[in-house]
Each structure stands twice: as C-alpha cells, then as structure tokens.
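In the working numbering, the protein residues as written are 4 to 132. What follows is a short report on a single structure.
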C-alpha cells in the first residue's frame with residue numbers, strides 16, 4: 004500500500020492524479036491526519052480546484068460522464084474530510100472553497116452522474132456544520 008504522503012505527491016503529476024485521487028478517497032479513513040496533510044501540502048488544494056472547475060463546461064448543456072463525475076466526487080470526498088477535521092475546517096471555510104461547489108447544486112439533470120455530484124457536494128458543504 005502506498006503511503007498517504009506519496010499519494011499526495013502523486014496528485015501533482017497529471018499522469019498519476021486519477022489513481023491518487025481514487026486511492027486517497029478509498030483509504031481516507033485509514034490515513035491519520037490526512038486532512039492537514041492535504042491542506043498544507045503545496046499545490047494540493049489548487050489541484051482540487053482545477054479538477055472541480057474542469058467540469059464546469061459539461062454542466063450545461065448536461066454532458067457529464069460517469070467517469071468525470073466519479074473523478075470529481077473523489078476530490079469532493081477528500082474535501083469533505085478536510086471540512087470535517089477540526090484543524091482544517093475553518094481554513095477551508097475562510098478560503099471560500101464551498102463556493103466552487105454551488106454550480107453543481109444548480110444543475111437540473113436527473114442522471115446518475117449529476118445526482119452523485121450534487122449529493123457529494125452537499126456532503127462537503129454540510130461537513131463543517
């Protein structure tokens with residue numbers, strides 16, 4: 004099993020990013036102190052924001068694929084753990100990260116990829132509460 008540190012480093016490599024997102028998302032409960040590691044690692048939150056905004060163009064007209072939705076949902080799952088952690092919760096809120104998720108909530112499509120995206124976005128927005 005790869006270490007959390009190595010997987011976070013892999014996020015900066017576009018060729019390794021998708022696998023790193025998947026592995027970190029699946030194992031986020033196993034890695035202690037993952038939220039501070041994600042927040043304080045150079046460029047990681049920027050990578051998350053790049054992934055999020057990269058699918059804005061496919062929101063309208065609704066052309067979001069399941070693969071695109073799953074990839075961004077992995078990012079959102081990691082942001083949810085950052086939003087839930089006492090040491091990173093306020094940092095995430097003060098950076099206005101949840102504002103980037105509102106376009107996902109404003110979609111009308113009832114297809115599975117959009118439903119996953121909306122549900123996971125709500126998890127991030129509700130996590131700090």
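Just so it is clear, CB atoms sit at the ideal spot from N, CA and C, and this is done for glycine as well.
Cβ shell of residue i (< 8 Å), same chain only, five flanking positions each side left out
{"i": "residue 65", "result": "110, 111, 112, 114 and 117"}
Own chain residues within Cβ distance below 7 Å of residue i, not counting five before or after
{"i": "residue 58", "result": "67, 71 and 75"}
{"i": "residue 127", "result": "79, 82, 83, 86, 101 and 104"}
Residue interval of the alpha helix (DSSP H) (run including residue i)
{"i": "residue 52", "result": "47-57"}
{"i": "residue 67", "result": "Per DSSP, residue 67 belongs to no alpha helix (DSSP H) and is neither H nor E."}
{"i": "residue 22", "result": "17-29"}
{"i": "residue 32", "result": "Element bounds for residue 32: n/a, residue is neither H nor E."}
{"i": "residue 105", "result": "105-108"}
{"i": "residue 119", "result": "115-129"}
{"i": "residue 95", "result": "92-97"}
{"i": "residue 60", "result": "Premise fails: residue 60 is in no alpha helix (DSSP H) and is neither H nor E."}
Beta carbon proximity, residue i to chain D, threshold 8 Å
{"i": "residue 4", "result": "No chain D is part of this structure, which consists of one protein chain only."}
Environment of residue i [buried if 16+ CB atoms lie within 10 Å]
{"i": "residue 8", "result": "exposed"}
{"i": "residue 107", "result": "buried"}
{"i": "residue 60", "result": "exposed"}
{"i": "residue 5", "result": "exposed"}
{"i": "residue 88", "result": "buried"}
{"i": "residue 23", "result": "buried"}
Beta-carbon contacts of residue i that lie in its chain and below 6 Å, excluding the five residues immediately before and after
{"i": "residue 95", "result": "85 and 86"}
{"i": "residue 38", "result": "84, 85, 88 and 91"}
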